[in-house]
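**Q** What follows is a structure written as structure tokens; I'll ask about it next.
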Amino acid sequence: MIISRNLQKIIQCKRLLHLFEWQGKRILAEHGVPIQQYKLIDKENIKTSLHDITWPVVIVKAQCLAGGRGKGVFKHSGKKGIQVLLDSPDPAKIQSAVESMLGDKLVTAQTTCDGEQINEVMVAEGVAELGRECYLALHLDTKLKKPMFLVSASGGVDIESNPDGVHTVDPSDYARIAEILETPLEETRQLCDNLTRAFRSSDALLLEINPLCITANNQFLAIDAKATVDDNALFRQGRFLCPSQSASTATSANHIRLDGPDRYVGCMVNGAGLAMATMDMLNGKAANFLD
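Structure below.
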């Protein structure tokens with residue numbers, strides 16, 4: 329029996345709908361989790377949406393589904409995927425930074441060498457004094473069969489290099505979470521309750537804040553957000569679908585894009601078994617799985 333080289337990737341894609349940062353932040357804001365002000369910029373609105381920005385510090389962030397944007401590099405411009413503009417930058421300077429990202433491909437540790445094309449950019453208000461950076465996430469623990477918090481006193485780009493510093497905590501144990509974050513109990517309880525409501529209302533499998541900024545007066549601020557939604561709940565969460573995903577969902581088709589520089593053959597096949605056999609015959613050139 330031929331085992332498709334793409335079978336594992338297809339299985340992993342089941343139940344997972346990864347969201348962009350701006351979508352994750354929108355979920356958080358809808359449920360009372362503090363976030364920075366931001367604008368979402370694309371090629372259509374770039375000339376009309378930047379003129380009224382007067383923030384002292386501006387953060388320009390490429391929107392892609394891969395992590396490691398801060399250390400990632402654009403193929404054409406050579407610039408980073410996250411840029412910080414200081415000293416109340418004028419709209420022309422902000423526009424220049426955004427234009428350098430739109431249409432270019434960002435290569436990070438989590439993309440292929442070909443990179444991921446950027447079609448949207450977040451322009452966010454920067455924070456002059458970030459304070460402490462921590463990590464807080466709520467995820468569906470498949471072993472315990474319930475949501476559990478992941479908590480760390482340190483957060484940011486290097487969180488994955490310190491897995492021993494991330495603690496798994498029951499959602500009802502506010503005192504333990506406050507102890508790890510070194511924050512007041514009542515404020516911690518409110519943040520966790522808001523994050524739990526956001527998690528449940530969006531049918532999330534993961535809702536992550538990294539970093540979670542804790543200011544000098546113990547105020548919370550979600551600097552970055554990552555969300556993964558259960559695609560079994562798309563009948564409730566259709567707002568998160570891009571046009572191509574909406575089309576495949578409406579026709580009850582299971583469409584999974586396969587990234588790679590040599591994947592240029594589109595597949596339209598009836599039945600998962602025949603689809604995987606066809607992909608094997610194409611020897612790594614299939615651009616998608618479609619059942």
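Sequential numbering from 329 applies to the sequence shown in my numbering.
Heads up, the beta-carbon is just placed ideally off N, CA and C, and yes, glycines get one too.
This one's a predicted model, so the numbers in the text were calculated from it and none came from an experiment.
(1) Are there 16 or more other CB atoms within 10 angstroms of the CB of Pro539, so buried, or fewer, so exposed?
(2) Return the CA-CA distance between Ser480 and Leu464, expressed in angstroms with no decimal places.
(3) Return the Cβ separation of Gly454 and Lys403 in integer angstroms, given the expectation that the two are a contact with Cβ distance under 8 Å.
(4) Mapping the DSSP letters down to three states, classify Arg517 as helix, strand or coil.
(5) State the Cα-Cα distance for the pair Lys408 and Gly599, rounded to the nearest angstrom.
(6) Give the straight-line distance between the Cα atoms of Arg525 and His359, rounded to the nearest whole angstrom.
(7) Between the Cα of Pro475 and those of Ala452, Ala456, Pro499 and Gly493, spot the shortest distance and give me the residue it belongs to.
(8) In the DSSP output, what is Leu378 paired with across the bridge?
(9) Short of 7 Å in beta carbon distance, which residues of its chain neighbour Ala550, apart from the five on each side in sequence? Order them along the chain.
(10) Going by beta-carbon coordinates alone, are Arg397 and Ile410 separated by less than 7 Å?
(11) Quick check on Tyr592: buried or exposed, where buried means 16 or more other Cβ atoms within 10 Å of its Cβ?
(12) Please tell me whether Gln438 and Ala394 are closer than 7 Å, where the distance is taken between their beta carbons.
(13) Use the C-beta contact count for Cys595: other C-beta atoms within 10 angstroms, 16 or more gives buried, fewer gives exposed.
(14) If we call anything under 7 Å between Cβ atoms a contact, is Arg585 one with Asn560?
(15) Hey, could you find the ends of the beta strand (DSSP E) Ser424 is sitting in?
(16) If you reduce the DSSP assignment to three classes, tell me which class Tyr502 lands in.
(17) Please state the DSSP three-state secondary structure of Ile410.
(18) Of the residues Leu472, Cys462 and Lys367, which one's Cα is nearest the Cα of Gly484?
(19) So what does DSSP say about Gln445, is it helix, strand or coil?
**A** Once the coordinates are examined:
(1) The residue labelled residue 539 in the question sits at position 211 within the sequence shown. Buried.
(2) Locating residue 480 in the sequence shown gives position 152, where the first residue counts as 1. Locating residue 464 in the sequence shown gives position 136, where the first residue counts as 1. Distance between Ser480 and Leu464, taken at the CA atoms: about 7 Å.
(3) Reading the sequence shown from its first residue, position 126 is the one you call residue 454. Reading the sequence shown from its first residue, position 75 is the one you call residue 403. Distance from Gly454 to Lys403 at the Cβ level is roughly 26 Å; contact not present, criterion being Cβ atoms closer than 8 Å.
(4) Here the question's residue 517 lines up with position 189 in the sequence shown. Secondary structure of Arg517 (DSSP, three-state): helix.
(5) Locating residue 408 in the sequence shown gives position 80, counting from the first residue. Locating residue 599 in the sequence shown gives position 271, counting from the first residue. So the two alpha carbons sit approximately 42 Å from each other.
(6) The residue labelled residue 525 in the question sits at position 197 within the sequence shown. The residue labelled residue 359 in the question sits at position 31 within the sequence shown. Rounded to the nearest whole angstrom, the C-alpha separation of Arg525 and His359 is 7 Å.
(7) Within the sequence shown, the letter at position 147 stands for residue 475. Of the listed residues, the one whose Cα sits closest to Pro475 is Pro499.
(8) Locating residue 378 in the sequence shown gives position 50, where the first residue counts as 1. According to DSSP, which records beta bridges pairwise, Leu378 is partnered with nothing at all.
(9) By 1-based counting over the sequence shown, the position of residue 550 is 222. For Ala550, where only same-chain residues beyond five positions count, the Cβ hits under 7 Å are Lys353, Leu356, Val361, Pro362, Ile363, Ile537 and Leu540.
(10) To locate residue 397, count along the sequence shown from 1; it is residue 69. To locate residue 410, count along the sequence shown from 1; it is residue 82. Arg397 is a Cβ neighbour of Ile410, given a cutoff of 7 Å.
(11) In the sequence shown, residue 592 corresponds to position 264, counting from 1. With fewer than 16 neighbouring CB atoms inside 10 Å of its own CB, Tyr592 falls in the exposed class.
(12) Position 110 of the sequence shown, counted from the first residue, corresponds to residue 438. Position 66 of the sequence shown, counted from the first residue, corresponds to residue 394. Result yes, Cβ atoms of Gln438 and Ala394 sit closer than 7 Å.
(13) Numbered from its first residue, the sequence shown carries residue 595 at position 267. Under this definition Cys595 is a buried residue.
(14) Taking the first residue of the sequence shown as 1, we reach residue 585 at position 257. Taking the first residue of the sequence shown as 1, we reach residue 560 at position 232. For the pair Arg585 and Asn560, the CB atoms are not nearer than the 7 Å cut-off.
(15) Within the sequence shown, the letter at position 96 stands for residue 424. For Ser424, there is no enclosing beta strand (DSSP E); the residue is found in the alpha helix (DSSP H) stretching over Pro419 to Met429.
(16) In the sequence shown, residue 502 corresponds to position 174, counting from 1. In the structure shown, Tyr502 sits in a helix (DSSP, three-state: H, G or I).
(17) Residue mapping note: residue 410 aligns to position 82 of the sequence shown, counting from 1. Reduced to three states, the DSSP call for Ile410 is strand.
(18) Along the sequence shown, read from residue 1 onward, the residue named residue 484 stands at position 156. Checked all of Leu472, Cys462 and Lys367; the closest Cα to Gly484 is Cys462.
(19) Looking up residue 445 in the sequence shown gives position 117. Three-state DSSP puts Gln445 in a strand.
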